[in-house]
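Trainee: Numbering (mature numbering (1 follows the signal peptide of the UniProt record, and there is no 0)), first residue to last: -24 to -1, 1 to 115.
C-beta: ideal position from N, C-alpha, C; glycine also.
#1: Just curious, the beta strand (DSSP E) that residue 115 is in, first and last residue?
#2: Report all residues from its chain with a CB closer than 6 Å to the CB of residue 16; omit the five preceding and five following residues, and keep chain order.
#3: Quick one: is residue 55 buried, meaning 16 or more other Cβ sit within 10 Å of its Cβ, or exposed?
#4: Using alpha carbons as the reference points, say which of 21, 114, 43 and 103 lies closest to residue 88.
#5: Between 24, 47, 90 and 40, which lies nearest to residue 64 when the distance is taken from Cα to Cα?
#6: Could you work out which residue in 86, 66, 74 and 40 is closest to residue 93 when comparing CA atoms only?
#7: Should residue 30 go down as buried or exposed, given a rule of 16 or more other Cβ atoms within 10 Å for buried?
#8: Out of curiosity, what's the CA-to-CA distance linking residue 61 and residue 74?
#9: Do you know how far the Cα of residue 33 is from the Cα of residue 70?
#10: Which complete beta strand (DSSP E) runs does the region 1 to 46 hold, if anything under 3 residues is left out?
#11: Find out if the Cβ-Cβ distance for the pair residue 107, residue 26 is shorter than 8 Å.
#12: Where do the N-terminal and C-terminal ends of the beta strand (DSSP E) with residue 70 fall, by residue?
#13: Under the rule that 16 or more other beta-carbon atoms within 10 Å means buried, what is residue 58, buried or exposed?
#14: According to DSSP, which residues form a beta bridge with residue 107?
#15: Express the C-alpha separation of residue 76 and residue 8 in angstroms, rounding to a whole number.
In structure tokens form, the structure reads like this:
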């Protein structure tokens, strides 16, 4: 009889843990901040110049990502701006997060999963595409 009770308790615990992990994948972890190592401006060109990274227009012809950890923002300059709402996975070198498009014209509200991985101090991947750290802004 004791064995049956123990087996039932163990099975119940496993089901509860499985349910929690499924819920965690559906609902991101709140209250975390983008790790500081990701801060800065990133572009698709290896060894980018200052002129390439900081063009005089708000609509560059190439991808420029700006990551601001203290504001929990990631934005594709001139196109998209995302506020991180919560994290599915999180470590100092990579994270996957649920983000909300906060550009005013976005109707209806747009959400996106964003995956960012730090490959080294000057290279990251955003949703599988590689980007390189820009030099410091002259402005």
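Mentor: Considering the structure as presented:
#1: Counting along the chain, residue 115 falls outside any beta strand (DSSP E), and DSSP gives it neither H nor E.
#2: 109
#3: exposed
#4: 103
#5: 90
#6: 66
#7: buried
#8: 6 Å
#9: 31 Å
#10: 16 to 19 and 40 to 44
#11: no
#12: 70 to 77
#13: buried
#14: 100
#15: 15 Å
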